[in-house]
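Just so we're aligned: 566 in my numbering is position 535 of the sequence shown, and the numbers increase by one with no gaps anywhere.
For glycine and all other residues, C-beta sits at the position ideal for the given N, C-alpha and C.
Nothing here was measured: the structure is a model prediction, and the numbers come from that model.
For reference, the structure is listed below as structure tokens.
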Amino acid sequence: MRIEIQILGGFSVTVDGVLVAASLWRRDRAAALVKLLAVTPQHRMHREQVLDLFWPEADSEVAGAALRKAVHYARKALGQNDLISTNGDSLALAPLADLVIDAETFEAAASAALRQPTPETCGIAADLYRGRLLPDDLYFDWLDARRTGLAQRHIDLLRAGQLWQRLIAVEPSDEPAQCALMQAALDSGNRAEAIRIFNQLRQSLHMELGLGPSAEAVALYEKALAIPTVDPVSQTDRIRASLAWGLLHLHSGDFEKARAVAEETRALAMAAGLAREVGEASALMGLCAMMQGRWKEVFHSEFIAWARKTPDKVAQVFDGHLCLAEFCLCNAKGHHEIGLAAQELLSVAEGAGSTAGRGLALMILGEVALFSGQIGEAERLLTEAEALLAKAEASAGRVLALERLAEIALSSGRNWQAKRLIARAEGIAATSWLAPHLQIRLKGLSVRAAGSKEKALEAIHEGDRLLSQHSHGCQPCSMGFRVASASALAEMGELDQVGRRLDEAERISAMWHGGPWVAAVWEARGIQRRAEKNDARAVSAFEEAAGRYASLGRPTDETRCRSQISRWSGGV
32 MRIEIQILGG FSVTVDGVLV AASLWRRDRA AALVKLLAVT PQHRMHREQV LDLFWPEADS
92 EVAGAALRKA VHYARKALGQ NDLISTNGDS LALAPLADLV IDAETFEAAA SAALRQPTPE
152 TCGIAADLYR GRLLPDDLYF DWLDARRTGL AQRHIDLLRA GQLWQRLIAV EPSDEPAQCA
212 LMQAALDSGN RAEAIRIFNQ LRQSLHMELG LGPSAEAVAL YEKALAIPTV DPVSQTDRIR
272 ASLAWGLLHL HSGDFEKARA VAEETRALAM AAGLAREVGE ASALMGLCAM MQGRWKEVFH
332 SEFIAWARKT PDKVAQVFDG HLCLAEFCLC NAKGHHEIGL AAQELLSVAE GAGSTAGRGL
392 ALMILGEVAL FSGQIGEAER LLTEAEALLA KAEASAGRVL ALERLAEIAL SSGRNWQAKR
452 LIARAEGIAA TSWLAPHLQI RLKGLSVRAA GSKEKALEAI HEGDRLLSQH SHGCQPCSMG
512 FRVASASALA EMGELDQVGR RLDEAERISA MWHGGPWVAA VWEARGIQRR AEKNDARAVS
572 AFEEAAGRYA SLGRPTDETR CRSQISRWSG GV
């Protein structure tokens with residue numbers, strides 16, 4: 032009997048040339064058992080190891096019964112009992128069959144190609160890598176090492192074979208590959224291609240504000256710009272080169288130099304009508320100020336200056352500060368201080384007749400009201416803010432206002448309205464230069480508004496895909512999705528996917544040093560412990576979350592956690 036198992040780029044099993052129908056893997060544990068044995072050396076594992084991986088918190092009797100059920104359904108899907116052997120205390124996958132697993136075929140070919148690498152041999156071996164190991168199971172800890180190893184072997188093949196175009200298709204931010212392609216373009220006299228490659232690199236790196244190309248890449252770019260040609264260098268290219276140097280100064284710690292470059296570049300971008308570059312230069316200025324502990328003062332002066340000038344690009348200037356404003360709203364001191372500042376800025380914007388300024392100030396005030404439990408006032412302020420931001424064509428601010436309105440609808444039990452608001456926001460977010468930031472925020476809301484396990488899982492998979500696609504994505508903006516997905520999966524009973532997500536969320540939340548996302552992680556831990564039937568630990572986690580929310584002046588969040596304590600403390 033011949034068994035062929037695909038675990039690269041997806042999961043499928045073929046028995047003697049007949050594909051096992053996907054519907055037969057509806058039992059998640061049956062599929063997980065086959066996957067686990069497929070990635071394990073010799074495809075054999077001790078029974079206790081399987082129990083510890085799949086049911087670490089369950090007692091031995093419950094875990095043993097669950098394992099027997101998983102074996103039964105795996106055998107049923109495969110159509111043969113002896114394809115999952117339970118000899119003694121070991122489980123084995125197809126011990127008497129001709130077992131072919133695509134990952135092993137790829138590894139053998141890769142090892143052979145890397146011994147004497149050529150573009151041809153490395154390319155043939157790389158073709159066998161059909162994609163990431165089991166991409167639908169990103170949060171199974173036991174897959175991490177193997178997944179990382181296979182992905183790295185694929186990259187090693189592409190590098191050894193100097194298959195640069197294929198490499199950047201997999202790793203768009205791989206600077207050695209991009210620099211090699213830029214140099215090759217320059218050597219052939221193709222300046223336009225070198226410029227195109229740099230802009231591609233710059234865009235892939237700029238998924239996270241503050242991350243830019245290396246000095247080598249910028250130097251090659253400037254070399255391309257300096258080549259004499261009948262086609263003059265555009266102002267856009269010069270502005271992008273300037274922004275790249277500004278980011279290099281930021282990362283080297285020369286914040287004053289970075290600020291000066293950002294200010295000069297923004298003026299050039301403003302004159303050239305480059306909306307995105309205006310926003311990026313503003314973001315660079317904000318990041319410099321944040322590093323120096325001066326962001327609030329800089330934002331205050333920026334707000335007043337641009338609200339009074341009200342040029343066409345004022346919305347893009349504000350967009351550059353939005354992530355930093357959201358960061359400050361979530362700091363360890365709470366949201367009241369920035370609320371007082373927003374009230375002052377609203378007066379400035381009204382006096383100056385700035386539509387975008389009023390919209391941004393009202394949005395911040397609406398968020399402050401929402402966090403403070405003033406739901407009606409928050410809805411009024413955010414509705415007005417969204418209308419003003421739409422009029423000012425400030426897409427990023429508008430998306431954030433719609434996001435908060437959707438949160439209010441959810442908390443009020445109006446899921447249908449929340450879904451409509453999310454859909455509107457998603458359409459607008461796709462057009463913004465801040466799309467990676469905005470889309471992952473909205474995906475967290477989509478998980479909460481799903482209404483069914485199937486819809487929630489679909490939203491979680493989409494969010495995971497976004498995080499995977501934008502490996503340099505904004506971590507603070509991803510927090511809502513990380514917490515929502517972990518909580519939803521815990522409530523579904525998919526506990527093996529929860530711990531890893533919360534560990535990552537906990538790591539990111541530490542940057543607030545006690546802000547609301549720390550409390551949110553504690554709340555999600557409570558949901559996790561409750562799903563594990565550990566009532567005492569669940570109550571402790573909810574108490575910790577409630578106390579932290581109370582200290583931050585977030586009564587609605589505190590009340591939600593207190594209700595969980597009341598519900599579950601009786602079982603302690």
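Kindly examine the ligand ATP and report whether one of its heavy atoms sits closer than 8 Å to the Cβ of residue i.
i	result
ALA272	Summarising the ligand content, the structure contains no ligands, and the ligand ATP is consequently not present.
The alpha helix (DSSP H) that contains residue i, what's its start and end?
i	result
LEU420	406 to 422
ASP168	No alpha helix (DSSP H) contains ASP168, which DSSP labels as neither H nor E.
GLN347	345 to 360
LEU318	306 to 322
THR179	175 to 191
ARG197	195 to 201
ALA572	566 to 582
HIS103	91 to 109
SER403	Neither: SER403 is in no alpha helix (DSSP H) and is coded neither H nor E.
TRP337	326 to 340
PRO207	206 to 218
THR537	Residue identity check: residue 537 is Glu in the sequence provided, not Thr. Start and end: 529 to 540.
TRP548	547 to 562
PRO87	That residue, PRO87, is in no alpha helix (DSSP H); it is neither H nor E in DSSP.
LYS364	LYS364 -> no alpha helix (DSSP H), and no H or E assigned at all.
GLY154	150 to 158
ARG60	59 to 70
Give me whichever residues DSSP pairs with residue i in a beta bridge.
i	result
LEU124	ILE115
VAL46	ILE34, VAL49
ASP129	ARG33
LEU39	LEU164
Restricting to Cα atoms, I'd like to know which of the options is closest to residue i.
i	options	result
VAL70	LEU164, ILE471, ALA456, ILE155	LEU164
ARG33	ALA576, LYS107, VAL46	VAL46
ILE369	ALA314, ALA257, SER403	SER403
SER575	VAL552, ALA346, GLN196, ALA536	Per the sequence shown, residue 575 should be read as Glu rather than Ser. The shortest C-alpha separation from GLU575 is found at VAL552.
GLN500	VAL201, ARG568, ALA94, ARG177	VAL201
LEU520	ALA291, LEU488, GLN111, PHE349	LEU488
GLU79	PRO87, LEU124, PRO259	PRO87
SER313	MET301, GLN323, GLU375	MET301
ALA569	LEU353, GLU206, SER594, GLN209	SER594
LEU159	GLN234, ALA139, TYR170, ARG60	ALA139
PHE85	VAL529, GLN183, GLU375, PHE229	VAL529
GLY584	LEU452, GLU398, LEU189, THR136	GLU398
ALA97	VAL81, LYS107, LYS254	VAL81
GLY41	ARG106, LEU169, GLY119, LEU274	LEU169
GLN374	ARG389, ALA383, LEU274, TRP543	ARG389
Can you give me the start and stop residues for the beta strand (DSSP E) that residue i sits inside?
i	result
SER385	SER385 -> no beta strand (DSSP E), and no H or E assigned at all.
HIS77	75 to 77
GLU138	No beta strand (DSSP E) contains GLU138, which is instead part of the alpha helix (DSSP H) from 133 to 146.
What's the call for residue i, buried or exposed, on a 16-neighbour Cβ count within 10 Å?
i	result
ARG561	buried
GLU434	buried
LEU240	The predicted position of LEU240 is uncertain, since its pLDDT is 47 and thus under 50; a value taken from the coordinates is nonetheless stated next. Buried, because 16 or more other Cβ atoms sit within 10 Å of the Cβ of LEU240.
SER204	buried
GLU417	buried
MET238	Interpretation of MET238 is limited by its pLDDT of 48, a score under 50 that renders its predicted location unreliable; the figure taken from the coordinates is listed afterwards. MET238 is buried by the Cβ-count criterion.
VAL93	exposed
GLN37	buried
GLN559	buried
LYS340	exposed
ALA336	exposed
SER483	exposed
ARG146	exposed
GLN470	buried
GLY48	exposed
TRP173	buried
* Asked: What are the start and end residues of each continuous alpha helix (DSSP H) run of 4 or more residues lying completely inside the stretch 225 to 296, in chain order?
  -> 246 to 257, 266 to 283
* **Start-end ranges of the alpha helix (DSSP H) lying completely within the stretch 494 to 527, minimum 4 residues** => 506 to 523
* **Any alpha helix (DSSP H) of 4 or more consecutive residues that is wholly inside the stretch 431 to 472** => 446 to 460
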